[in-house]
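Numbers 375 to 554, taken from my numbering, label the letters of the sequence shown in order. Take a look at the structure below.
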Amino acid sequence: MHAIVVYESMYGNTRHVAEAIARGLGPIGAAHTLPVSHIRDTDLSGYDLVVVGGPTHVHGMSRESTRKGAVEKARTDTALTVEPDAESEGIREWLGSVRSAHGKAAAFDTRVDAPALVTGRASKGINKKLRHLGFELVAAPESFLVDKESVLEAGEEERAERWGRTLAEHSAPARTDRTS
Ligand SMILES: Cc1cc2nc3c(=O)[nH]c(=O)nc-3n(C[C@H](O)[C@H](O)[C@H](O)COP(=O)(O)O)c2cc1C
Numbered sequence: 375m376h377a378i379v380v381y382e383s384m385y386g387n388t389r390h391v392a393e394a395i396a397r398g399l400g401p402i403g404a405a406h407t408l409p410v411s412h413i414r415d416t417d418l419s420g421y422d423l424v425v426v427g428g429p430t431h432v433h434g435m436s437r438e439s440t441r442k443g444a445v446e447k448a449r450t451d452t453a454l455t456v457e458p459d460a461e462s463e464g465i466r467e468w469l470g471s472v473r474s475a476h477g478k479a480a481a482f483d484t485r486v487d488a489p490a491l492v493t494g495r496a497s498k499g500i501n502k503k504l505r506h507l508g509f510e511l512v513a514a515p516e517s518f519l520v521d522k523e524s525v526l527e528a529g530e531e532e533r534a535e536r537w538g539r540t541l542a543e544h545s546a547p548a549r550t551d552r553t554s
């Protein structure tokens, strides 16, 4: 079974979560991560499971203006390091360019550690788009939390790895037990 975790990340948190999810997926076979800036014409039809995630910006998926804002913020906040290609097209633009798809998928995001009603969740929009494209969703959209300084909360990488393991269980081909 082949799985891919496509992610977008400004400051590295979503990348760390994506890498942890891929580790959790490990038992089902090859699982690798790919920044959305490198996806170009990647053929998704070769994957049994496609996991897609990005940071929550202004209650949803990032836009060109919010990515610019994120890079600007890092200029004044020296604690933040901007990922390579942070200003490239994001998950929203990529999903907007995909024509149709099939197979299994799941959505995740990173967002501030506060009630989702207040923060919004990028994973909700990603999940909706994946469903409309024709994917079969194998799990409810999931959020992983950062603090107000955009640092991943303690234990979130481990939770992401466990979530990856759960996705692996839900994506494994159905067993055909023989009874004799
Ligand atoms: C321009 C901008 C807008 C943001 N808007 C929200 C928001 O509406 N809700 C939220 O929970 N977090 C918001 N955040 C915080 C991001 O979700 C957080 O920085 C991100 O999850 C960190 O992931 P990354 O390091 O992969 O970029 C925003 C951050 C930026 C830079």
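Beta carbons: idealized from backbone N, C-alpha and C, even for Gly. Just so you know, these numbers come straight off a predicted model, no measurement behind them.
Alpha carbon of residue i to alpha carbon of residue j, nearest angstrom
{"i": "residue 542", "j": "residue 403", "result": "9 Å"}
{"i": "residue 462", "j": "residue 540", "result": "31 Å"}
{"i": "residue 546", "j": "residue 375", "result": "8 Å"}
{"i": "residue 510", "j": "residue 437", "result": "26 Å"}
{"i": "residue 480", "j": "residue 446", "result": "31 Å"}
{"i": "residue 536", "j": "residue 395", "result": "7 Å"}
{"i": "residue 444", "j": "residue 524", "result": "11 Å"}
{"i": "residue 382", "j": "residue 406", "result": "14 Å"}
{"i": "residue 521", "j": "residue 413", "result": "29 Å"}
{"i": "residue 432", "j": "residue 423", "result": "28 Å"}
{"i": "residue 527", "j": "residue 471", "result": "33 Å"}
{"i": "residue 434", "j": "residue 496", "result": "4 Å"}
{"i": "residue 519", "j": "residue 420", "result": "31 Å"}
{"i": "residue 507", "j": "residue 517", "result": "21 Å"}
{"i": "residue 483", "j": "residue 408", "result": "15 Å"}
{"i": "residue 529", "j": "residue 439", "result": "31 Å"}
{"i": "residue 515", "j": "residue 486", "result": "16 Å"}
{"i": "residue 393", "j": "residue 534", "result": "9 Å"}
{"i": "residue 556", "j": "residue 464", "result": "Residue 556 lies beyond the residue range present for the chain, which begins at 375 and ends at 554; the question has no answer from this structure."}
{"i": "residue 531", "j": "residue 390", "result": "7 Å"}
{"i": "residue 477", "j": "residue 458", "result": "30 Å"}
Helix, strand or coil at residue i according to DSSP, with G and I counted as helix
{"i": "residue 460", "result": "coil"}
{"i": "residue 538", "result": "helix"}
{"i": "residue 499", "result": "helix"}
{"i": "residue 375", "result": "coil"}
{"i": "residue 470", "result": "helix"}
{"i": "residue 388", "result": "helix"}
{"i": "residue 488", "result": "coil"}
{"i": "residue 394", "result": "helix"}
DSSP beta-bridge partners of residue i
{"i": "residue 525", "result": "Answer is none; residue 525 lacks a bridge partner."}
{"i": "residue 566", "result": "Absent from the model: residue 566. The displayed extent of the chain is 375 to 554, so no value can be given."}
{"i": "residue 380", "result": "408 and 426"}
{"i": "residue 494", "result": "433"}
{"i": "residue 511", "result": "479"}
8 Å Cβ cutoff, residue i in contact with chain C
{"i": "residue 497", "result": "Note that chain C does not occur in the displayed structure, where there is just one protein chain."}
For the stretch 396 to 453, list the beta strand (DSSP E) runs that are entirely contained and at least 3 residues long, ordered along the chain.
404 to 409 and 423 to 429
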